[in-house]
Structures are given as C-alpha cells and as structure tokens.
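The structure is reproduced here in structure tokens:
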C-alpha cells in the first residue's frame, strides 16, 4: 500500500488524519506524502496507526503540439544532454520530469515553431560535471549526423558547469564545420517561472534562423535582466559566477553577437559566416579517451611533488601567476623547495608538452619580462605570448595529442586554429562589460 | 437586516499572516522595509510552468495573459542575490522556525515530523523566482472563543512577497526589500459561525502571535485573509482588511453581495476579492488552485525530533500576563491589558516609588489623551520624558496634575522646564484662593474655577481647587 503514487488516508496515533499521495522520497523510517493542500510532509512510520487506500486520480494527457514541417523556415536540431532546460513539474508527485521529444518541447515552447522547424531528441543523460572526452565525441558525431541530414543549425542543451570546455572541445573536434552550433544552458532550472532557459533557447533558435553565423558558440543571458542574450566565442568563454544568469563572459575577446528574444540581433565581433564555409565538409576529429592532460595551478608554498604526480601524463597545463610564472627561484633560506620545483618542471617538459596559461584570465602570457619567465621558458615550458584560457588550453592539448604526433602538438599549441589565440589584445575587450552595463 | 448565519449556510475561515522580527527566511539580509533610493534595478519576465496534468493553474493563467514586464528595484542594504533570484536559498532561518513552532504550540497544534520546503507558484511577479517558498510546520490545533472552539488547520512558515509599487499596462514595478521576510501563516477551518466570531478569532490569533514577543509590529506587518461562502455561492477570499474592527462589516456586506449574485442566476466562481475602505469588496483575481506546489529542491528537509520540540520554550500568553499584572499591581483590567505591551512598565515600577496604577495611567492613558485632544504625535514622547516625570513625582517636586501638561510639551517637541510645574504647598495655594474668592464675590463658581485653574494649572488638581473654592464661597 505504501507505494509511491498511491492515494491514501493515514491515521496517526495522536489521532490526526492525513490524505494525499505517497511520494517516492518515502523510506524505511518515514512516509513522505503530498497533502491535498499541496504541501509535502514526512510522517514517521512508527506514528501511523492505519492506512486506507483511496482511488487513484485519473491523470490527464500530456500537452503535445502537433508538428507540421514548414518549408519556408530553417530546420534546427536540438540535442539534449540531460540538463533541465526542458523539464516540467509533475504536480501529483512534485517531481521534475524532463521532456525531450519535439512534440513535448513544442507543447512547452509553442513560440519556437514560428521561427524554425525543430528536431529535438535526448542524446544521453550526462551531468556536465561528470563528462569525459568520450562525451565530446558523442556530441560531435551527433552534430555531424544532424548536419548531414540537412539541419541548418544545431543547438546543444548542456549543464553550465563544464559547458565552456564542451564548447571548446566541439570547436576542435568538428573540423570543417559548415553550420552554426550553439550550446545553450540555464542557471535557473526550467521548472520555475523565472527560468532563463526559455529566453536562452529562444535567442539561440532566433540567431541560428536569422543570422549568417557559422561556428560554435555559447548562448546565455547578457545581464541579470531578461532583455538580451550574448552569443559567446566557444574557445574564449568561461563560467565566472556560480549562480547568476549572466555568469558566462568572454576573455581576451568580445562577444560574437547580442540577440533579443524578439529575434533582433546585433553582431559585435567578426566571425565565420556560412559563405566562408559553404564549400567545407564536416570531419569529426575525435578525442582519444585515454589521453591524460593535467592542470596545475601555481600557488605560494608549492611543493615539487605536486608536479611530480604528473610524470606519467601526456601533457600539462600550468595555470601560472601573472604573466606566466611559477615558483622556481631559490632566493633565501626559505625557498629551497623552489629549486626542486624548477627541476620537476624541467623534467616534465622533457617528457611532454608543458603549456603556460595565466590565473588572471584576462591578458596575455609574456615570459620575457621577468627573469623567472625566461628561466621557465628555458626549462622547456611553451606558451609565451598566448592568451588562451586555461580550460581551452587543456582541451586543445588533449585534442592535439589525440590527433597529431608530439612535435606537431608543440607547434600547433602556439598556432591559432579555432579563434583560441587572438593575434592582438584589444583595449575594448577588457572593458566590454563595464561599458555595456 | 439581521443575518441568520445558520440558515444561510455560512461558512467562514480566516488566515493570518504575520511577519517575524528576525533576518530574512533564506538569506542573511536584514528584514527592513524602507524607502531608500534603490541602487539595483532589474527587468524580468515570468513564464507559466504547466503541470503534468497539462493544466496551467487558473490564477497563473490569469497573470500570464497580462504578459507583463516586471521591474524589480532593490537596495543593497536589504536585498542580496537570493532576492534577485540569482543565488540559491541558504538554510532556513532557525530563529523564524523557532518562533513559528512557539506559535504552533500556543495554538496546541502538532508539529509535523519532517518539514519539506515547497515552492508555491506565484507568477504575478511578486516573487522574483516565480514561486513563494513555504513550509507546513504543524496541523490540528485549536483556540477557544466566546462562541466555542475554532480548529486551526495549519501553521506554516513562508517568505513575504515583494511590494508592488506601480502597475501599468505593460509593466509592474516591485520593491524587493520586503521579499523574503519570514511570515507565519495560521489558517483556521471553516467553522467560524458569524462575522463577530471571525473578528474575535482574528484578535485572539493576533494576541497569540504577539505573545512570542518576536513578531513585527506596525502597519502591514500582520494581514488577514477571510474566506466566506453561503449556500449557493462558492468560496470567496477577501484580502486587505484595514483593521480588525472592519471584519464584521466587510463580511456582512459580502454576504449581501453573494445573496444578490445568487439571485442574478449568473454562473458563480470561486475568486479573490479586496476589502475596500468603505467595507465593500472588489474583484481581485481567480482563486488559485491547490495544484500549484512542488518541492524546493535547494533546501533539504528538516526533521522535527521530539527533543527539538521539547526545547522550544512556550511563552506566556499576553492575556494571562494581563491577569497577572492586574492582580500584582491592583490595576483596572482594561489598563492591565494595555500595559502588557509596554516593555518599560515593570522597570518603572521597580525604579520609582509611586503607585503602579499612576505609572500605568501615565504610560497608556495620558498619551491617548494627548493624541485625541491635541492631535499630537505621541511617538515624540520618549523614555527620558517618562523618567523625568516619574522622578519628579517620586521626589514630590510636581503634582500628578502636571503630567498631562509636561508630556504634551514633550509631544510638541518642546524643552521641558520642570520649575514651571513646581508643586506649591496646598496651604499656600489655599490662602491665595481665599483672597481671590473674597475679592470677586460677585463671580459664579465656574468663573472662579476658571480663574484659579488658569493660574495654577499643573500645580493643583482641579478637584482640590473646587473643594477649596466651595469651602470659601459661603
């Protein structure tokens, strides 16, 4: 009788009566019940005197929108990776249920059908924080499949935690990309009225349908307001806030475009267009799943053993301080360990590519300014003058190691392949958000 | 027309919402409502989230049709990212929960074994998230009234909503300082027998809430919603009562309105109305359905163990406290009931060797008289003024009759010079009065009284003056 979904009347030893639906949270100690008032409460099993089963309520059909193909509209494929962008509340159980079929999605967001023909499916349930390289390969292959079927663009719904890594990974893995791919997430889940999911999705569909953009991008809120979204460059973007809607920011780059929910958009920076790519063909260059690349954050009081841990790895990114530094100088009686660190760095750089990025996020590596930087360079660390984000450098190195021989990896790490290294640092990049808020 | 409640099939229940005096329910922001200039402004839209039943709640649908932009204004002093719906809630404010449990126990309600925080969907924009966080704390309590027992169905703890500032065709403007203040909600069953009992219930519930000494006081800190139905008319909820006194009149008008609606043979629907200042009501929105709650997954459930409940101190009811004060200090019962709200009364009694009755009268009746007679703001009378008066009375420097005058000066914001009210020996005054009476033999008693009082106001009690004049007139 104590089965989730059952309607019951419970009598307790202190002569109270509760009527409602048993919920799945029920365990050995307590029954969790949704009362008729809508409130959930937990009742200790030891307090229950009797349970009477009541007839089940009939559930009504799920709202589905019939889909008609409109040949005048572009076709957009929405690939879900299990985020909560398309979830609804089941009021009987209070659980949140995901809806992924095109019919269900259109039932929730009927406005989309005026903009594009939507294909929608669940690729696989992946928590973004749990993702591995194999998931990138799954997504890349799915994008190619949709493009081959004739999709005019692809949207991937994705958890925000590692979304920026995925964006970079797809940028590299999808060689010769000839359609736009936008990764969309939400910082407030779509089971609440205030969710940013819908506007983010709406802006992404609009931008694919109306613009000429042809690359991988990220689409989320520009500000805390529900006014506009930004299309952000896949290899230059980072999640910079744990919870705000406008958490995603570009570094050493400007946003690609600003999109309004009504379909208007403004391109902000130069980007690849469909004309540029009309002769190209997508080739998936996947990640090798057993490639081991590590990220080490330089910090005060570092120990050489922290580096030595990675001696069996294939590559290392050092997220250095400032212009690209790590403690390697023995300057007084307190800094003997630093000498060991230097030796460790040197020994690692002999075995694998060791690449320098900066904890500053903004700005470029320059290992010539201080003698420390020069010494690090001499030890074999590469990356001088690059302005890549640590996350992008990590993905790029893993991808290069998956697809190129080692000497090429060293060389290509320093070349701009997908917009990950900008040739010039522009004044307005750092101030973009100061000037636009 | 006298209403026959039984014959009408009158059903009535009341919900009380009371703000708790502590920081906000799910963040550390102070619970202050103020009118500082906002330094934060955001614009949002809300979207109805349909249930699995494929049905969007009637109240939600009603709000959605308006498709309005919501403008939220906030001050950093009283709102953080939690109010802006940009950060998940923190743990439940345990202070607020303790107060809610005290109230539950005073209502003899039984706490639930495990609290589950819920999201109640509200998409009129008054909550930035699109829902109000609420939790059921206790059920099955009761209170005793002069017309019998009224059952308390539930005691809940919830978040206060944002305050609406302006509503236009295409947008609504809200202020966020009020959003998130802890609110205790008490709901009775529908067994209230008539409009007078409803007012009594509201009074008792208010008294019980105040007994915790941890609830906010003042305009807008307590609100009543009354549910009314009669045979042939579905339930109507009335919000926004200006004062307890107005409850019976509003209910009676509502019954009359419902009766005429029934006669009109229209299709009647359950809905929410607003109490207007003239005691009539006006349409507000459709009745929200029950199917609008789902779990707040960001806050873990809270177990209410018997050990935890045992630790809750049950405060003394204000009514009981009044009876105690009445006996202890020999106060008239009305005065005792009023003085319980005064935190300083017992301190003054201990500090000054004057009668508790006089202290109570000075604290309660004198300010009332000043406000009704001179239309002055008695909030300007501070503790220091009372200390001044009580000290002078203890040292026999002034007469009782000077209190009104001195405190009136305080209410006017004037400096107080006690020398002006210096007590004069009665014998001294008596000889002066005798002189006056003798030199004005042709004047009436009242005229003489006027002359004496204009000279000795604040120094001599009126009664005593009359006595002396009478004695000397013959």
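Protein chains in written order, with this note's numbering: chain A, 1 to 437; chain B, 1 to 474.
Beta carbons: idealized from backbone N, C-alpha and C, even for Gly.
For clarity, every value in this text was computed on a predicted model and none was experimentally measured.
CA-to-CA, the gap between residue 130(B) and residue 219(B) works out to about 26 Å. Secondary structure of residue 11(A) (DSSP, three-state): strand. When DSSP reads this structure, residue 275(B) sits in a beta bridge with 281(B). Burial state of residue 19(B) is buried, judged by a 10 Å Cβ sphere holding 16 or more other Cβ atoms. Within chain B, the C-beta atoms nearer than 8 Å to that of residue 41(A) come from 112, 113, 114, 115, 116 and 136, in chain order. At a cut-off of 8 Å between beta carbons, residue 133(A) makes no contact with chain B. When C-beta distances to chain B are compared with 8 Å, the residues of the stretch 188-217 of chain A below that value are 188, 190, 191, 192, 193, 194, 195, 198 and 199, in chain order.
The straight-line gap separating the alpha-carbon atoms of residue 47(A) and residue 18(A) is approximately 12 Å. Exclusion of the five residues before and after residue 140(B) leaves 109 and 110 as the residues of its chain whose Cβ lies within less than 7 Å of its Cβ. The beta carbons of residue 217(B) and residue 270(B) sit no closer together than 8 Å.
Judged by DSSP in its simplified three-state form, residue 288(A) adopts coil rather than helix or strand. Taking 9 Å as the Cβ-Cβ cut-off, the stretch 217-232 of chain A approaches chain B at 223, 224, 225, 226 and 227, given in chain order.
Distances from the alpha-carbon of residue 285(B) to those of 157(B), 411(B), 122(B) and 87(B) put 122(B) closest.
Annotation for residue 203(B): the continuous alpha helix (DSSP H) segment containing it runs 195-211. Counting C-beta atoms within 10 angstroms of its own C-beta, residue 374(B) has fewer than 16 neighbours from the protein chains shown and is therefore classed as exposed. Taking the Cα of residue 251(A) as reference, the smallest distance to any Cα among 139(A), 232(A) and 264(A) is reached at 232(A). In chain order, 307, 310, 311, 316 and 354 place their CB closer than 7 Å to the CB of residue 348(A), counting only its own chain and leaving out the 5 sequence neighbours on each side. For the stretch 76-89 of chain B, the beta-carbon criterion of a distance under 9 Å to any beta-carbon of chain A is satisfied by 81, 84, 85, 86, 87 and 88. Straight-line measurement puts the Cα of residue 250(B) at about 5 Å from the Cα of residue 279(B).
For the set 413(A), 38(A), 415(A) and 372(A), the Cα lying nearest the Cα of residue 154(B) is the one of 38(A). With the criterion set as a beta carbon lying under 7 Å from some beta carbon of chain B, the members of the stretch 235-257 of chain A are 243, 244 and 245, in sequence order. Within the same chain, Cβ atoms closer than 7 Å to the Cβ of residue 50(A) are found at 11, the five residues on either side in sequence being excluded. Where residue 257(B) is concerned, the enclosing alpha helix (DSSP H) starts and stops at 247-264. Between residue 400(B) and residue 358(B), the CB-CB gap stays under 8 Å. Among the residues of chain A, those whose CB is under 7 Å from the CB of residue 129(B) are 192 and 194, following chain order. Not flagged as an interface residue toward chain B: residue 13(A), since no C-beta distance is shorter than 8 Å.
Flagged as an interface residue toward chain A: residue 292(B), by a C-beta distance shorter than 8 Å. Taking a contact to require three or more Cβ pairs closer than 8 Å, the stretch 182-194 of chain B and the stretch 407-420 of chain A do not qualify as touching. In its chain, beyond the 5 residues on either side, 168, 171, 392, 418, 419 and 420 have a beta carbon closer than 6 Å to the beta carbon of residue 235(A).
Residue 324(A) sits away from residue 301(B), with the two beta carbons spaced by 8 Å or more. Interface annotation, residue 380(A): not in contact with chain B, CB-CB separation never under 8 Å. With three or more CB-CB distances shorter than 8 Å, the stretch 388-405 of chain A counts as touching the stretch 356-364 of chain A. Nearest C-alpha to residue 121(A) among 152(A), 238(A) and 157(A): 157(A).
Interface flag for residue 96(B) against chain A is unset, since no Cβ pair is found closer than 8 Å. For residue 225(B), the beta-bridge partners assigned by DSSP are 15(B). Selection 151(A), 125(A) and 187(A) evaluated against residue 178(A) yields 151(A) as nearest (Cα-Cα).
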